[in-house]
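So the structure is just underneath, and the comments pick up after that.
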Amino acid sequence: MRGGGAAAATPLLVRALRGEEVERVPAWIMRQAGRYLPEYRELRARHGFLECCTTPALAAEITLQPMRRFPLDAAILFADIMTPLDLAGVPIEFAPGPRLAAPVRDGVSAAALGDPAALARRLEGGYLRETFALIRAGLPAGAALLGFAGSPFTVACYVVEGGGGKGEFPALRRLARTDAAALRVLLDRIAEFTIAYLREQVAAGADAVQVFDSWGGILDGDGYAAWDLPWIARIVDALRPSGVPVILYAGGAGGRLPAAAATGVHALSVDHREPLDSVRARVGGGVVLQGNLDPAALFAPADALRAEVARVLRAGGGRRHVFNLGHGIWPETPMEGVSTLLDAVRAGGPVSP
Ligand code: CP3
Numbered sequence: 008m009r010g011g012g013a014a015a016a017t018p019l020l021v022r023a024l025r026g027e028e029v030e031r032v033p034a035w036i037m038r039q040a041g042r043y044l045p046e047y048r049e050l051r052a053r054h055g056f057l058e059c060c061t062t063p064a065l066a067a068e069i070t071l072q073p074m075r076r077f078p079l080d081a082a083i084l085f086a087d088i089m090t091p092l093d094l095a096g097v098p099i100e101f102a103p104g105p106r107l108a109a110p111v112r113d114g115v116s117a118a119a120l121g122d123p124a125a126l127a128r129r130l131e132g133g134y135l136r137e138t139f140a141l142i143r144a145g146l147p148a149g150a151a152l153l154g155f156a157g158s159p160f161t162v163a164c165y166v167v168e169g170g171g172g173k174g175e176f177p178a179l180r181r182l183a184r185t186d187a188a189a190l191r192v193l194l195d196r197i198a199e200f201t202i203a204y205l206r207e208q209v210a211a212g213a214d215a216v217q218v219f220d221s222w223g224g225i226l227d228g229d230g231y232a233a234w235d236l237p238w239i240a241r242i243v244d245a246l247r248p249s250g251v252p253v254i255l256y257a258g259g260a261g262g263r264l265p266a267a268a269a270t271g272v273h274a275l276s277v278d279h280r281e282p283l284d285s286v287r288a289r290v291g292g293g294v295v296l297q298g299n300l301d302p303a304a305l306f307a308p309a310d311a312l313r314a315e316v317a318r319v320l321r322a323g324g325g326r327r328h329v330f331n332l333g334h335g336i337w338p339e340t341p342m343e344g345v346s347t348l349l350d351a352v353r354a355g356g357p358v359s360p
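Just so you know, the sequence shown maps onto residues 8 to 360 in this note's numbering.
Laid out in structure tokens, this is it:
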């Protein structure tokens, strides 16, 4: 027995993230709340995106929408990786991706981006407490509640470029070579916003948090070590005293996954490019792996989708594995695909040690 009632109440996902032996592999889906759901589109027709992110009743409702349709093992707070900057007063629009009218490309603008201490004061005991309480009240028994933020590097990609562009972010990559000091000021500032934001999510009751590093893969190995990992490690260090597990989505990290694991994260969420068994061989047994079905697989006929789910489960090895996609779900995804996927994960059967 592990502490009786209290242990029994610990969500399956959290036990899996701690590396415990679990009765089955938990599953949730990156970007599970959003445009593939008609009820999300209906709500968005009446409310702005940023309004949805920071209004407790709207954010909680959208967070819970996929939980009502599907047997997911976690809900994830509805927000965006740019939300902390929005809350810090940085003018941002969504069309549909983030747009900044005033991209930050020098140290003075980076330092003027907003005051992290003021953001922390504004967040403390504020709208996130109410949002998490509303989500908790509607959360199915046994489901975990996840918080999240972007990695400072990935958020900086948008802040320096002024938008998503072609996903190559040349403005930031140039800045790293022309004014490294400015980029450092910017990443420090975003990291401080992020730590304040995640600490408040933890105080509001997040069971675990995920840091989305969608764009680290555009850097070469030296750049990844210089401009991405140190700020992720800082976030992990800041959250460590809370004991709350941290998942890192390391999109495109490939051969750098062992370096990403060395930041001290509890779990690495990996994209679909490489099977989990070969990732496991490189990162060792210490870290939980999350992933990594290709989001395109949700468009396949049910039998083919089930076969792909089974393949991912086998590669995950049944232990220290959380099922997810390799990247966020696509807006055009048929909802039957999501049901088929989650049923197939549950039918994966009990895990043999
Ligand atoms: O997972 C969830 O259900 C929570 C919601 C969530 C959103 N954005 C809502 C959203 C999460 C976890 C994010 C993370 C995010 N945002 C990332 C990292 C994950 C990834 O996909 O790589 C990134 C890079 C962003 C930045 C961003 N926000 C982009 C590029 C876009 C436009 C394209 C897109 O993928 O949707 C957004 C807008 C956005 N964020 C929408 C939603 C539901 C669509 C906005 C709308 O409703 O019009």
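For each residue, glycine too, the CB sits at the ideal point set by N, CA and C.
Taking only the alpha-carbon atoms, compute the straight-line gap between residue i and residue j and give it to the nearest angstrom.
i: alanine 23; j: glycine 325; result: 10 Å
i: glycine 355; j: aspartate 113; result: 52 Å
i: valine 218; j: arginine 31; result: 24 Å
i: threonine 340; j: leucine 226; result: 30 Å
i: phenylalanine 56; j: leucine 65; result: 10 Å
i: alanine 15; j: glycine 323; result: Any reading at alanine 15 must be qualified, since the residue scores a pLDDT of 46, below 50, and its modelled position is unreliable; no value is offered.
i: aspartate 80; j: leucine 146; result: 10 Å
i: leucine 153; j: alanine 215; result: 5 Å
i: leucine 20; j: glycine 224; result: 27 Å
i: phenylalanine 85; j: alanine 40; result: 7 Å
i: proline 18; j: glycine 149; result: 5 Å
i: serine 116; j: alanine 189; result: 9 Å
i: tyrosine 256; j: alanine 274; result: 9 Å
i: alanine 108; j: arginine 128; result: 26 Å
i: proline 360; j: glutamate 28; result: Its pLDDT being 43, under 50, proline 360 is placed unreliably by the model, and the measurement read from it follows with that caveat. Straight-line Cα distance between these residues: approximately 8 Å.
i: histidine 54; j: alanine 67; result: 14 Å
i: phenylalanine 306; j: glycine 344; result: 7 Å
i: tryptophan 35; j: phenylalanine 330; result: 7 Å
i: methionine 74; j: arginine 353; result: 16 Å
i: alanine 245; j: valine 251; result: 11 Å
i: glycine 169; j: proline 338; result: 23 Å
i: arginine 184; j: alanine 260; result: 21 Å
i: asparagine 299; j: glycine 132; result: 36 Å
i: histidine 334; j: arginine 42; result: 15 Å
i: glycine 121; j: leucine 130; result: 14 Å
i: proline 91; j: proline 63; result: 15 Å
i: arginine 25; j: phenylalanine 155; result: 18 Å
i: leucine 126; j: leucine 312; result: 44 Å
i: glycine 11; j: aspartate 186; result: The predicted position of glycine 11 is uncertain, since its pLDDT is 40 and thus under 50; a value taken from the coordinates is nonetheless stated next. C-alpha separation (whole angstroms): 56 Å.
i: alanine 13; j: arginine 180; result: A caution first: alanine 13 carries a pLDDT of 45, below 50, which makes its placement in the model unreliable, though a value can still be read off. If you take the alpha carbons of alanine 13 and arginine 180, they lie about 48 Å apart.
i: aspartate 310; j: proline 123; result: 50 Å
Any idea which residues DSSP pairs residue i with across the strands?
i: isoleucine 83; result: Leu153
i: tyrosine 256; result: Phe219, Ser276
i: glutamine 297; result: Ser276, Val329
i: alanine 34; result: Phe330
i: proline 265; result: BP columns for proline 265 are empty, so no partner.
i: phenylalanine 368; result: With the chain covering 8 to 360 only, the question about residue 368 has no answer from this structure.
Between the options, which lies nearest to residue i when the distance is taken from Cα to Cα?
i: proline 248; options: Tyr256, Leu226, Gly271; result: Gly271
i: arginine 51; options: Gly26, Pro103, Arg25; result: Pro103
i: glycine 228; options: Gly262, Ser116, Ser346, His273; result: Gly262
i: aspartate 93; options: Pro18, Arg106, Asp186, Pro33; result: Arg106
i: isoleucine 336; options: Glu27, Met37, Val21, Ser346; result: Met37
i: isoleucine 197; options: Thr17, Asp235, Arg53, Ala178; result: Asp235
i: glycine 171; options: Arg287, Val294, Pro110; result: Pro110
i: isoleucine 83; options: Gly291, Leu135, Asp301, Ala124; result: Leu135
i: glycine 230; options: Ala317, Phe77, Leu182; result: Leu182
i: alanine 119; options: Arg318, Asp195, Leu332, Ala317; result: Asp195
i: alanine 211; options: Ala260, Asp310, Leu126, Glu137; result: Glu137
i: leucine 348; options: Ala268, Ala260, Asp186, Phe77; result: Phe77
i: alanine 240; options: Cys59, Ser158, Gly26; result: Ser158
i: serine 285; options: Ala156, Arg321, Gly132; result: Arg321
i: proline 308; options: Leu126, Cys60, Ile88, Met342; result: Met342
i: methionine 89; options: Thr61, Ile69, Thr70; result: Thr61
What is the C-beta distance between residue i and residue j, in whole angstroms, given that I count them as a contact (C-beta under 8 Å)?
i: tryptophan 238; j: phenylalanine 176; result: That pair is no contact at about 16 Å.
i: serine 276; j: isoleucine 242; result: Contact doesn't hold; Cβ gap of about 15 Å is too wide.
i: arginine 220; j: glycine 258; result: For the record, residue 220 in the displayed sequence is aspartate; it is not arginine. The Cβ separation is near 6 Å, so the contact holds.
i: valine 316; j: alanine 351; result: 4 Å
i: leucine 296; j: arginine 327; result: 6 Å
i: valine 192; j: alanine 178; result: Rounded, the Cβ-Cβ distance is 16 Å, inconsistent with contact.
So does residue i have its beta carbon nearer than 7 Å to some heavy atom of ligand 2?
i: isoleucine 254; result: Looking for ligand 2 in the displayed structure turns up nothing; the ligands present are ligand 1.
For the pair the stretch 44-54 and the stretch 87-107, tell me if three or more CB-CB distances fall below 8 Å. No: the two stretches stay apart, fewer than three of their Cβ pairs being nearer than 8 Å.
Inter-stretch contact at 8 Å, needing at least 3 Cβ pairs: the stretch 140-147 / the stretch 201-210: No: fewer than three Cβ pairs fall under 8 Å.
Would you call the stretch 278-288 and the stretch 253-267 touching, i.e. three or more CB-CB distances under 8 Å? Yes: at least three Cβ pairs fall under 8 Å.
Indicate whether the contact test is met: 3 or more Cβ pairs, each with one atom in the stretch 184-200 and one in the stretch 151-169, closer than 8 Å. A contact is defined here as three or more CB-CB pairs under 8 Å, and the stretch 184-200 meets this definition with respect to the stretch 151-169.
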